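Heads up, the thing below is written out as structure tokens.
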Amino acid sequence: MRQRAGLLVGILVTTLSVITMSSFAFGVLLGQFTDREALPCNEVPGTPQPFEGNRHLAYSNAPHDPYRTDPPTSGPHSPRVVIPGIYRSPIPPELQVHILEHGHVLLQYAPGTSPADIDRLERVGRRHPRDVVVAPHPTLSTGIALTAWQRLQKSPTIDADAIESFVTKVAGRYDHQWRNGATDCLTS
Amino acid sequence: MTQVIDADSRLDLAGVIVRREADDEYVVGDPATGDFIVVPEAGARLVELLAAGSSVAAAAAELERETGEAIDAADFAAALVEAGIARPAADPAATAVRDEARHWAVSRIPSWLVRPFFGPVAWAAYVACLVATLVMFGLEPSLRPTYEDTFVFPDIVLSLLVTNVVVILLTFLHEAWHAFAGAAVGIPSRLRLERRGIFPVLETDLSGLWALPPAKRYGPFLAGMAIDSVVLFLAVAPRYAWSRGWIDLSPMLIRILAMVVLSQVAKLAFQTLAYLRTDMYLVMSTATGCGNLHQVTRLSLKRLVRRLKPEEQTVLDTAAARDLRVARWYRLLYVAGLIWMVWFAIHFIVPSAKVTFGWAFGVIAQAPVLSLYWWEGLILLAFTSLNVFLPVGVAIRNRRRAAR
Chain P
1 MRQRAGLLVG
11 ILVTTLSVIT
21 MSSFAFGVLL
31 GQFTDREALP
41 CNEVPGTPQP
51 FEGNRHLAYS
61 NAPHDPYRTD
71 PPTSGPHSPR
81 VVIPGIYRSP
91 IPPELQVHIL
101 EHGHVLLQYA
111 PGTSPADIDR
121 LERVGRRHPR
131 DVVVAPHPTL
141 STGIALTAWQ
151 RLQKSPTIDA
161 DAIESFVTKV
171 AGRYDHQWRN
181 GATDCLTS
Chain E
1 MTQVIDADSR
11 LDLAGVIVRR
21 EADDEYVVGD
31 PATGDFIVVP
41 EAGARLVELL
51 AAGSSVAAAA
61 AELERETGEA
71 IDAADFAAAL
81 VEAGIARPAA
91 DPAATAVRDE
101 ARHWAVSRIP
111 SWLVRPFFGP
121 VAWAAYVACL
131 VATLVMFGLE
141 PSLRPTYEDT
151 FVFPDIVLSL
161 LVTNVVVILL
171 TFLHEAWHAF
181 AGAAVGIPSR
191 LRLERRGIFP
201 VLETDLSGLW
211 ALPPAKRYGP
221 FLAGMAIDSV
231 VLFLAVAPRY
241 AWSRGWIDLS
251 PMLIRILAMV
261 VLSQVAKLAF
271 QTLAYLRTDM
281 YLVMSTATGC
291 GNLHQVTRLS
301 LKRLVRRLKP
311 EEQTVLDTAA
321 ARDLRVARWY
331 RLLYVAGLIW
341 MVWFAIHFIV
351 PSAKVTFGWA
361 FGVIAQAPVL
371 SLYWWEGLIL
381 LAFTSLNVFL
391 PVGVAIRNRR
401 RAAR
């Protein structure tokens, strides 16, 4: 009886070991199953933006050419990392680009946005905690700006459907490279 | 110091217990020190006679009368002293002080204080925490950890500092729970820095448990994972409630909790890697009735590729039949584990070390000297070096100790 119980525990522990060891491979496999073909450019929200480079600055305040858009959508960026979530202080442009390089979406609001609207925007961050960074953006004159790698959508008002559409359709199209057949929608 | 044992010697065997493990196999040891040996039935009887106060000669005569066979009791008694299980009766105090000093202070807590943490209700709570966490992971996949959760702050060095401090504190908690569980069954323990393959680890030495019946060992072996499950639950549950909009929490707290989840999941996953002699290995070897499974497996594999040292050959020659039997299938897991560890090092540790070393050297070379960024690069370099070279340092230390 004890021998049989011992054998069962042995099988259980061995199985757990194998599952842990193969979890990386399982992760890759499961990721492939959930990958969807990227949307065609005419279905992707926002406006495509030209490529401004993707090099890492040697250190956070190193000088670089100015970005062509505000907020930026690509270009040289800080080696520092900001992970998806809710931020109550502005995120420097060099850090914003690094967020976008990892395939995440930035949802930024102008100074003067009402607390109720900020709460609505932060709830988007809560619903998509792995995809969205929500933060204030001091140089935005009004409304909100949604950015992704080489993608920009500004809006003077908060349109919940438009925000949801941008987040779900644009996040993950790029992660250090275009993924699942996505393109920058500028070059053929 | 060599102890001289003769026919008139008496031994101090206070605290030593004798427990039958299998047919003609008895565990003799002192749970307080963790020193134990396995002896045949005649040896166990001799220990009982010596513990009752008989001299070596009187114990040998009694055993010969009972079994009809003459034995070298002085040699056996000397072996007990050599193994640290017995002391010459004249000098018990000095040894007691020495043993006391080796124990981790946490493990000397009175057992009545910690026993409630390891009763049936407590174990039900530990299991409930783990199950509830798995359910939340299933309902809300975004709660599962990713490597990005390390970066609590934009400043990488600050993130690494905070992450390392939290991980070390939680590792101490894990080890303290092992020590508390040991104390609950009267077993003091020792804390030490060790390595498991390429991973540096803190380890609570609960060797004294092997002198207790198997059923009493599981609790102390699983205690670390139990408290890990509680911490994991406490980190996941608020994030689950927050993601559903039930409660409001500071976004920074949410990021810190995510980092704790990553740390705890990694810790629990590590414990399942039995071939690294983790907590689950101890559970498995207890359940299968093995006493020296890992060493027997390692040596039986080593024998296939190179000649064993005489003392290694002796370990194999005197290995229990159960160890040899279980080693036949455990070696498959052991070899798979070694291959996986090399793969893990090549695909994760080396590339991440390359990236961090490259980034740190780049900052040191290009940032203004002595600026904040320059110091950041230097600290990152030190951190990465520590993580990469600590297991090597522990391996060198162990080799030197073994050579002495």
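Sequence order for the protein chains is P and E.
Note that full-length UniProt numbering has the first sequence beginning at 1, numbered continuously upward.
Note that full-length UniProt numbering has the second sequence beginning at 1, numbered continuously upward.
Built from N, CA and C at the ideal position, the CB exists for glycine as well.
These numbers come from a predicted model, not from an experiment.
Open item on the list: Run through chain P and tell me which residues come within less than 7 Å of residue 136/E, C-beta to C-beta.
Closed with: By 1-based counting over the second sequence, the position of residue 136/E is 136. What residue 136/E touches in chain P: nothing, since even the nearest Cβ is about 13 Å away.
- [ ] Closer than 7 Å by C-beta to residue 81/P: which residues in its own chain qualify, once you throw out the five before and the five after it? Chain order, please.
- [x] Here the question's residue 81/P lines up with position 81 in the first sequence. If we look at residue 81/P and ignore the five residues flanking it on each side, its Cβ neighbours are 98.
TODO: Name, going along the chain, the residues of the segment 237-251 of chain E whose beta-carbon falls closer than 7 Å to a beta-carbon of chain P.
DONE: 242, 243, 245, 251
TODO: On a CA-only basis, which of 384/E, 400/E, 402/E, 399/E is nearest residue 161/E? Give me that one, please.
DONE: Here the question's residue 161/E lines up with position 161 in the second sequence. Relative to the Cα of residue 161/E, the nearest Cα in the group 384/E, 400/E, 402/E, 399/E belongs to 384/E.
Task: Between the CA atoms of residue 64/E and residue 9/E - distance to the nearest angstrom - done: In the second sequence, counting from the first residue as 1, residue 9/E sits at position 9. In the second sequence, counting from the first residue as 1, residue 64/E sits at position 64. Those two C-alpha atoms are separated by around 18 Å.
TODO: Please list the residues of the segment 261-285 of chain E that have a C-beta atom closer than 7 Å to any C-beta atom in chain P, keeping them in chain order.
DONE: 269, 272, 273, 274, 275, 280, 283, 284
- [ ] Over the uninterrupted alpha helix (DSSP H) stretch that includes residue 406/E, give me the two end residues.
- [x] The requested residue 406/E does not occur in the structure, where chain E is confined to residues 1 to 404.
Open item on the list: I'd like to know whether the C-beta atoms of residue 108/P and residue 136/P end up nearer to each other than 8 Å.
Closed with: Here residue 108/P refers to the residue found at position 108 of the first sequence. Here residue 136/P refers to the residue found at position 136 of the first sequence. Yes, these two residues count as a Cβ contact at 8 Å.
Task: Exposed unless 16 or more other CB atoms sit within 10 angstroms - verdict on residue 187/P - done: Locating residue 187/P in the first sequence gives position 187, where the first residue counts as 1. Burial check for residue 187/P: the Cβ neighbour count within 10 Å stays below 16, so the residue is exposed.
Task: Candidates 121/E, 231/E, 21/E, 306/E, of which the one nearest residue 211/E by Cα - done: To locate residue 211/E, count along the second sequence from 1; it is residue 211. Residue 211/E has its Cα closest to that of 21/E, out of 121/E, 231/E, 21/E, 306/E.
- [ ] Run the CB neighbour count on residue 401/E, radius 10 Å, all protein chains shown included, and call it buried at 16 or more, exposed below.
- [x] Along the second sequence, one-based indexing puts residue 401/E at 401. Answer is exposed; the Cβ neighbour count stays below 16.
Open item on the list: Which residues of the segment 73-85 of chain P have a Cβ closer than 7 Å to any Cβ of chain E? Give them in chain order.
Closed with: 79, 80, 81, 82, 83, 85
Task: Proximity below 8 Å, CB of residue 50/E to CB of residue 11/E - done: Taking the second sequence and counting its residues from 1, one reaches residue 50/E at position 50. Taking the second sequence and counting its residues from 1, one reaches residue 11/E at position 11. In contact: residue 50/E and residue 11/E (Cβ atoms closer than 8 Å).
TODO: Could you check what DSSP says for residue 99/P in three-state terms: helix, strand or coil?
DONE: The residue you call residue 99/P lines up with position 99 of the first sequence. In the three-state scheme derived from DSSP, where H, G and I count as helix and E and B as strand, residue 99/P is classed as helix.
- [ ] With distances taken Cα to Cα, identify the nearest neighbour of residue 328/E among 313/E, 342/E, 298/E, 352/E.
- [x] For the purposes of this step, residue 328/E is taken as the residue at position 328 of the second sequence. Nearest C-alpha to residue 328/E: 298/E.
Open item on the list: Less than 7 Å between C-beta atoms, sequence neighbours within five positions excluded: which residues of the same chain meet that for residue 125/E?
Closed with: As a position in the second sequence, residue 125/E is number 125, starting the count at 1. Within the same chain, residue 125/E has no close Cβ partners at all.
Task: Pair within 8 Å by beta-carbon distance, residue 18/P and residue 105/P - done: Here residue 18/P is taken as the residue at index 18 of the first sequence, counted from 1. Here residue 105/P is taken as the residue at index 105 of the first sequence, counted from 1. No, Cβ-Cβ distance for residue 18/P and residue 105/P is not below 8 Å.
Open item on the list: 8 Å is my cut-off, CB to CB: does residue 142/E come that close to chain P?
Closed with: Within the second sequence, residue 142/E is the residue found at index 142, counting from 1. Yes - at least one Cβ of chain P is within 8 Å of the one on residue 142/E.
Task: Within-8 Å CB hit, residue 170/P to chain E - done: Looking up residue 170/P in the first sequence gives position 170. Chain E, which has no Cβ nearer than 8 Å to the Cβ of residue 170/P, makes this no.
Open item on the list: To be precise: take each residue of the segment 347-364 of chain E, compare its Cβ to all Cβ atoms of chain P, and keep it if any distance is under 7 Å. Which residues remain?
Closed with: 359, 362, 363
- [ ] Within 10 angstroms of the Cβ of residue 348/E, are there 16 or more other Cβ atoms? Answer buried if so, exposed if not.
- [x] Position 348 of the second sequence, counted from the first residue, corresponds to residue 348/E. Counting Cβ neighbours within 10 Å, residue 348/E comes out exposed, since fewer than 16 surround it.
Task: Contacts that residue 366/E makes with chain P (C-beta to C-beta distance below 8 Å) - done: As a first step, residue 366/E is located in the second sequence; it is residue number 366 there, counting from the start. Within 8 Å Cβ-Cβ: 58, 59, 62.
Task: Contacts of residue 95/P in chain E (Cβ-Cβ under 8 Å) - done: As a working note, residue 95/P is residue 95 in the first sequence. Going along chain E in sequence order, the residues near residue 95/P (Cβ under 8 Å) are 154.
Task: Endpoints, the alpha helix (DSSP H) within which residue 117/P is located - done: Position 117 of the first sequence, counted from the first residue, corresponds to residue 117/P. Taken as a continuous stretch (DSSP letters only), the alpha helix (DSSP H) holding residue 117/P covers 115-127.
Open item on the list: Buried or exposed for residue 122/P, going by 16 or more other Cβ atoms inside 10 Å?
Closed with: Indexing the first sequence from 1 puts residue 122/P at position 122. So residue 122/P ends up on the buried side.
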